[in-house]
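S.K.:
Number of protein chains: 2
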Amino acid sequence: MSKREVDLGDAELAVLRVLWDFGPQTVREVMEHLHERGRRVAYTTVLTFLTRLEQKGVARSDRNDQAYVYRAKVSRASVTKSRVKALLEELYDGAAGPVVMHLVENERLTADEVTQIRKLIADLDAN
Amino acid sequence: MSKREVDLGDAELAVLRVLWDFGPQTVREVMEHLHERGRRVAYTTVLTFLTRLEQKGVARSDRNDQAYVYRAKVSRASVTKSRVKALLEELYDGAAGPVVMHLVENERLTADEVTQIRKLIADLDAN
DNA sequence: AGCTTCCTACGACAGTGGTAGTAGAGCGTC
DNA sequence: GACGCTCTACTACCACTGTCGTAGGAAGCT
Numbered sequence: 040m041s042k043r044e045v046d047l048g049d050a051e052l053a054v055l056r057v058l059w060d061f062g063p064q065t066v067r068e069v070m071e072h073l074h075e076r077g078r079r080v081a082y083t084t085v086l087t088f089l090t091r092l093e094q095k096g097v098a099r100s101d102r103n104d105q106a107y108v109y110r111a112k113v114s115r116a117s118v119t120k121s122r123v124k125a126l127l128e129e130l131y132d133g134a135a136g137p138v139v140m141h142l143v144e145n146e147r148l149t150a151d152e153v154t155q156i157r158k159l160i161a162d163l164d165a166n
Numbered sequence: 040m041s042k043r044e045v046d047l048g049d050a051e052l053a054v055l056r057v058l059w060d061f062g063p064q065t066v067r068e069v070m071e072h073l074h075e076r077g078r079r080v081a082y083t084t085v086l087t088f089l090t091r092l093e094q095k096g097v098a099r100s101d102r103n104d105q106a107y108v109y110r111a112k113v114s115r116a117s118v119t120k121s122r123v124k125a126l127l128e129e130l131y132d133g134a135a136g137p138v139v140m141h142l143v144e145n146e147r148l149t150a151d152e153v154t155q156i157r158k159l160i161a162d163l164d165a166n
């Protein structure tokens, strides 16, 4: 039903981000990283999330030493893609224009980003 | 907790969109519009959604004749704003760049949109 | 061998979202 | 004035998400 390939809650995504940002880790390490980011969750909560992420096919685990090590199986880019797509679909039947407009107008972009966007736009014009 | 001011589910949002797209309506009319859009929901389901939207402060109703007429209290733009913000926060700690990049690269834009974006970018450069 | 510590498995529970049924009020028609 | 249609209020229910507790195994310290 949902347009999202990968249907993840906010807290699950936060866990996945830790895997993206810090690479393969044990439950405990993930928990510590979450704590550093101000997300105060219990060990078993993290375990639950990692288990669910694995069930959903977006992470996997390998036994190592005494503890399982979890790693992301999907990239940040692919999650971005599906979530952005879901958002466009929900709000504008899939049209990207209004959201790009909104972003360029209302959100801060660094000078580098602006340059890159200008370049992309120029490339588009080349067609 | 969630970054979204207005925390709406997909189905709730679909109802809100009908209010945006067709203006103030009765429950029955909303239901019919949803059916036209392929969303086969029961009358009472629509009623539930409208009631919830009202509770959440994003719609309101006025008694009129025999039935309540519901209308949106928040604009599509403001919902776009908060959902886009939530998405940026979730995935990139709020940075807009990567998502703009993704959109320009991967989503179809009309010629008009491209022109508009180029203009916006030019304006940004003017600062 | 017993105690401590760390790990995983499993279960639990409340909140929310999606979906709908039923009951009862108001009104039009015979 | 009884029947039926339409509307709203209330309740229900399941799946999913966020959150954790408890139980029990492995492994080391004393």
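The listed protein sequences correspond, in order, to chains A and B.
Taking our numbering as reference, the numbering of the first sequence is continuous, increasing by one, and the terminal residue is 166.
Taking our numbering as reference, the numbering of the second sequence is continuous, increasing by one, and the terminal residue is 166.
Heads up, the beta-carbon is just placed ideally off N, CA and C, and yes, glycines get one too.
Values in this document were obtained by computation on a predicted structure and should not be read as measured data.
Tell me the rounded alpha-carbon separation between B:A111 and B:V97.
M.R.: 6 Å
S.K.: Using a cut-off of 7 Å between C-beta atoms, extract the partners of B:R147 located in chain A.
M.R.: A135
S.K.: Using a beta-carbon distance below 7 Å, is A:I160 in contact with chain B?
M.R.: yes
S.K.: Looking at the structure shown, is A:A135 part of a helix, part of a strand, or coil, going by DSSP?
M.R.: coil
S.K.: Whole angstroms are fine: how far does the CA of B:T65 sit from the CA of B:Q105?
M.R.: 10 Å
S.K.: Does DSSP classify A:V108 as helix, strand or coil?
M.R.: The answer is strand: DSSP assigns A:V108 an E or B state.
S.K.: So is B:F88 buried or exposed if we call it buried at 16+ other beta carbons inside 10 Å?
M.R.: buried
S.K.: Answer with yes or no whether the minimum CB distance from A:V152 to chain B is below 7 Å.
M.R.: One point to set straight first is that residue 152 of chain A is Glu, not Val, in the sequence displayed. Yes, A:E152 lies at the interface with chain B (some Cβ there is under 7 Å from its Cβ).
S.K.: Which partner residues does B:D101 have in the DSSP bridge list?
M.R.: Answer by DSSP bridge pairing, in chain order: B:V108.
S.K.: Quick one: residues in its chain with C-beta nearer than 6 Å to the C-beta of A:L86, no 5 flanking neighbours on either side, listed in chain order?
M.R.: Excluding residues within five positions, the ones whose Cβ falls inside 6 Å are V66.
S.K.: Please confirm whether A:V57 has its beta-carbon closer than 7 Å to some beta-carbon of chain B.
M.R.: no
S.K.: For A:T149, which three-state DSSP category applies?
M.R.: coil
S.K.: Flag B:V85 as yes if its beta-carbon sits less than 7 Å from any beta-carbon of chain A, otherwise no.
M.R.: No, its Cβ sits nowhere closer than 7 Å to a Cβ of chain A.
S.K.: By DSSP's criteria, A:A155 is part of a beta bridge. Which residues make up the other side?
M.R.: Note on identity: in this sequence residue 155 of chain A is Gln, with Ala being the wrong assignment. According to DSSP, which records beta bridges pairwise, A:Q155 is partnered with nothing at all.
S.K.: Tell me which residues share the same chain as A:T84 and place their Cβ nearer than 6 Å to its Cβ, disregarding the 5 neighbours each side in the sequence.
M.R.: none
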